[in-house]
Amino acid sequence: MPEEPEKLAIIKDDIINKKHMIQEALKEESEFSEGYFAQKAVNGPMYVFPLYDVKENCVGCGTCAKVCPMGCIHLENGKPIHDYTNCANCMACIQHCPTKAIQFASAMKEVNSKERYRHSEISLAEIIQANNQI
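The opening residue of the sequence shown carries number 0 in numbering that gives the first Met the number 0; numbering runs sequentially from there.
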């Protein structure tokens, strides 16, 4: 494994060359994920209550279903339906809803419901493409 200065040099080179890639998961990340899903198999779904509310300004575009890495969302009558069985609570559906129609359920306090996080170097198309590789 490269030392810190070598890692920084690689990162700097990638930035200068505007390298775009989908980073592979580290072994530790994969092991954590496998452990999480193994405990779910034993203990059942982590979330069984509604985590998210869909507001009236939903336009039925389906972006939420496309960005959900766990495939927990489908559209029914033009509205997203969440199945929390495999939900990892990544909040991709909230972050990428173009009309901000998906919000935390009223039982959960959302500090700033108007703000959304999007990584400036990762496009929506790249997220959807990554989800389709599974």
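The beta-carbon is built from N, C-alpha and C at its ideal position, and this holds for glycine as well.
Span of the beta strand (DSSP E), counted from its first residue to its last, around residue 74: Position 75 of the sequence shown, counted from the first residue, corresponds to residue 74. Note, residue 74: beta strand (DSSP E), 72 to 75.
Distance between beta carbons of residue 63 and residue 95, contact taken as under 8 angstroms: Walking along the sequence shown from the start, residue 95 turns up at place 96. Walking along the sequence shown from the start, residue 63 turns up at place 64. So it is a contact: roughly 7 angstroms between Cβ atoms.
Indicate the three-state DSSP secondary structure (helix, strand or coil) for residue 102 in the structure shown. Taking the sequence shown and counting its residues from 1, the one referred to as residue 102 is at position 103. Here residue 102 sits in strand by DSSP.
Measuring from the CB of residue 25, is there a heavy atom of the ligand MG at a distance below 8 angstroms? Ligands are entirely absent from the displayed structure, and the ligand MG is therefore not among its contents.
For residue 53: DSSP bridge partner residues: What you label residue 53 is simply residue 54 of the sequence shown in a count that begins at 1. Partner(s): 101.
Go ahead and pull the three-state DSSP assignment for residue 78. Numbered from 1 along the sequence shown, position 79 holds the residue referred to as residue 78. Reduced to three states, the DSSP call for residue 78 is strand.
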